[in-house]
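With the first letter of the sequence shown counted as 1, position 125 gets the number 125 in the numbering used here; the numbers rise by one all the way through. Cβ coordinates follow ideal geometry from the N, Cα and C atoms, glycine included. Note that the coordinates shown come from a computational prediction; the quantities given were computed from them, not determined experimentally.
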Amino acid sequence: MSSAFADTHNMVAILTKSAASEGFDQIIDFLNGSYIQYALTVNPHIYVSCTKQFWNTVTIKQSNDVTRLQALVDRKKVVITETVIRDVLHLDDAEGVDCLPNEEIFAGLARMGYEKPSTKLTFYKAFFSNQWKFLIHTILQSMSAKRTSW
């Protein structure tokens, strides 16, 4: 897979290692071993017309503690639940961690190069090493509405 912008710019985002990705190996290994690896690298065809139809017709339904989005796309009923999203993106983390103790969070931050440990759960991107700043930026850009940046 080649990146559209430049061969070295999106190296971490496409999860490949090369001489140009030196210094980012730890992050690339982490993401490749993570249960979200597929969700980060899958590149499905998404048609703008279908997306518009979905958002123009979507309603939220609740039954038996299950929330679902229901819409009409090309005259077909589309139902989306958390389970569907987990299946499609291969997020098989049913046995995953729901909550980490603060001590583990701070120990992990120290391993990531966070420069100013604290006892508060408020973090600043500026205190992370350059590699982790880049990863945080990439993830937030991927998740953002593309109208603002962090």
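Cross-strand partners of residue i (DSSP beta bridge)
i	result
Ile80	Leu69
Lys17	The partner list for Lys17 (beta bridge, DSSP) is empty, contrary to what the question assumes.
Ile60	Leu69
Candidates the options: closest to residue i by CA position
i	options	result
Gly33	Leu91, Ile136 and Lys120	Leu91
Val48	Thr83, Val73 and Gln141	Val73
Ile139	Gln62, Gly23 and Ile27	Ile27
Trp132	Ala19, Ser63, Gly23 and Gln37	Gly23
Asn64	Thr41, Arg75 and Thr81	Thr81
Integer-rounded CB distance, given that residue j should sit under 8 Å from residue i
i	j	result
Gln70	Val88	That belief does not hold up - the Cβ atoms of Gln70 and Val88 are roughly 17 Å apart, past 8 Å.
Same chain, Cβ closer than 8 Å to residue i, five either side skipped, listed in chain order
i	result
Phe224	Because the chain is modelled from 1 through 150, residue 224 falls outside the range shown and cannot be assessed.
Ile85	Leu91
Cutoff 7 Å; reference residue i; Cβ partners in own chain excluding five residues on either side
i	result
Ile60	Thr67 and Leu69
Lys17	Asp25 and Ile28
Contacts around residue i, its chain only, beta-carbon distance under 6 Å, and the 5 residues preceding and following it disregarded
i	result
Ala19	none
His45	none
Val79	Arg68 and Gln70
Taking 8 Å as the cut-off, does the region 44-58 touch the region 99-109 (at least 3 CB pairs, one atom from each stretch)? no
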